[in-house]
Amino acid sequence: MARRRQLYEGKAKILFEGPEPGTLVQYFKDDATAFNAKKKGTITGKGVLNNRISEYLMTRLTEIGVPTHFIRRLNMREQLIREVEIIPLEVVVRNVAAGSLATRLGIPEGQRLPRSIIEYYYKNDQLGDPMVAEEHITCFGWAATQDLDDIVALTLRVNDFLTGLFLGVGITLVDFKLEFGRLWENEEMRIVLADEISPDNCRLWDAKTGEKMDKDRFRRDLGKVEEGYQEVARRLGILPEAGPRDMSGPESMQ
Ligand code: UDP
């Protein structure tokens, strides 16, 4: 297949022009960054695992009626997605105190929150993705009040569903980050879930031991980073077909 035109390269993914108008190809890299790209590294096989994990979770969410940009996985490292206008927000949901919440407010890491919290961060690398309030979002036009209502409703559904799904395989969904986009269909705009859902943007702890199976293994130099991601895929029953060593790609599945 001829190489498609590259439209955007981010820290962990590349977007290419898709085969039809209104579609894109999302390519998952092994590159990892943390602390606003101050820490950089490679996690071998991460792209393959995240492509598969995100496909699985987006598909399950579609089945319960959550609209997403996901169309289908193309090969080991690529998926076909709908082109959306990304809303410049990182929507973080927290069920258990960890990371920046624990540090900023002095809440012990691991403390279950009495109710889930939604936080917004303005997606802007130069500013280091600052936390913002609803007032900033509507005042600066990043999203309208109605958009935010839709985002909150979708986020809470995703959180409830994924919390149960992960608990079913012995994993606590501590917190995670979502991104949303605007999709136009016949003059109508819908807010849909975009980006990816993977151990790169979720905190996933073993429900019994508390062992971390997510990007914190990389951020905090805990070792066995690949193994953490693999264990998440294994528990979800979706380790790549040829096993964890088959991390080359892309490979056509058609
Ligand atoms: N997160 C993310 N991208 C970011 C910042 C956070 O995917 O740029 C995710 C992160 O993996 C975690 C959740 O959002 O699951 C909450 O992150 P936190 O605010 O604690 O920041 P961190 O400790 O990751 O800097």
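Yeah, the sequence shown ends on 252 if you go by the numbering used here, and it's all consecutive.
A virtual CB, placed ideally from N, CA and C, is assigned to each residue, including glycine.
{"Query": "Sort His67, Asp214, Gly226, Arg71 by Cα distance to Ala33 and report the nearest one.", "Result": "What sits at residue 33 in the sequence shown is Phe, not Ala. Among His67, Asp214, Gly226, Arg71, the Cα nearest to that of Phe33 belongs to Asp214."}
{"Query": "Taking Glu107 as the reference, which of Glu177, Lys121, Arg92, Tyr120 has the closest Cα?", "Result": "Arg92"}
{"Query": "Using DSSP with H/G/I as helix, E/B as strand and the rest coil, what is Glu177?", "Result": "strand"}
{"Query": "Count the other C-beta atoms from every protein chain shown that fall within 10 angstroms of the C-beta of Phe138, then say buried if there are 16 or more, exposed otherwise.", "Result": "exposed"}
{"Query": "Closer than 6 Å by C-beta to Arg217: which residues in its own chain qualify, once you throw out the five before and the five after it? Chain order, please.", "Result": "Ala32"}
{"Query": "Beta-carbon within less than 8 Å of Leu5's beta-carbon, same chain only, minus the 5 sequence neighbours each way: which residues are those?", "Result": "Leu13, Phe14, Glu15, Leu22"}
{"Query": "The alpha helix (DSSP H) spanning Met211 covers which residue range?", "Result": "Premise fails: Met211 is in no alpha helix (DSSP H) and is neither H nor E."}
{"Query": "Looking at the secondary structure, which residues open and close the beta strand (DSSP E) in which Asp127 lies?", "Result": "First-last for Asp127: undefined, no H or E at that position."}
{"Query": "Tell me which residues share the same chain as Leu55 and place their Cβ nearer than 6 Å to its Cβ, disregarding the 5 neighbours each side in the sequence.", "Result": "Ile195"}
{"Query": "Can you tell me whether DSSP reads Gly247 as helix, strand or coil?", "Result": "For Gly247, the predicted structure reports a pLDDT of 44, less than 50, and the residue's modelled location is therefore unreliable. The matter cannot be settled from this model."}
{"Query": "Counting only runs of 4+ residues fully inside the stretch 68 to 143, write out the alpha helix (DSSP H) ranges in chain order.", "Result": "97 to 103, 132 to 137"}
{"Query": "Taking the beta carbon of Asn184 as the centre, do at least 16 other beta carbons fall within 10 Å, making it buried, or is it exposed?", "Result": "exposed"}
{"Query": "Run the proximity test for Arg201: is its beta-carbon closer than 7 Å to any non-hydrogen atom belonging to the ligand UDP?", "Result": "yes"}
{"Query": "Could you say if the stretch 169 to 179 and the stretch 202 to 213 meet the contact criterion of at least three C-beta pairs nearer than 8 Å?", "Result": "yes"}
{"Query": "Is it the case that the Cβ atoms of Arg80 and Asn49 are separated by a distance below 8 Å?", "Result": "no"}
{"Query": "Taking 7 Å as the cut-off, is the C-beta of Glu88 nearer than that to any heavy atom in the ligand UDP?", "Result": "yes"}
{"Query": "With distances taken from CA atoms, which of Pro19, Gly8, Ile51, Leu47 is nearest Ala35?", "Result": "Gly8"}
{"Query": "The alpha helix (DSSP H) with Glu53 in it runs from where to where?", "Result": "44 to 61"}
{"Query": "Over the uninterrupted alpha helix (DSSP H) stretch that includes Ala231, give me the two end residues.", "Result": "223 to 234"}
{"Query": "Going by C-alpha distance, which of Asp219, Val90, Thr143, Ala95 is nearest Ile116?", "Result": "Val90"}
{"Query": "Please report how far the alpha carbon of Ser114 lies from the alpha carbon of Met129, in whole angstroms.", "Result": "17 Å"}
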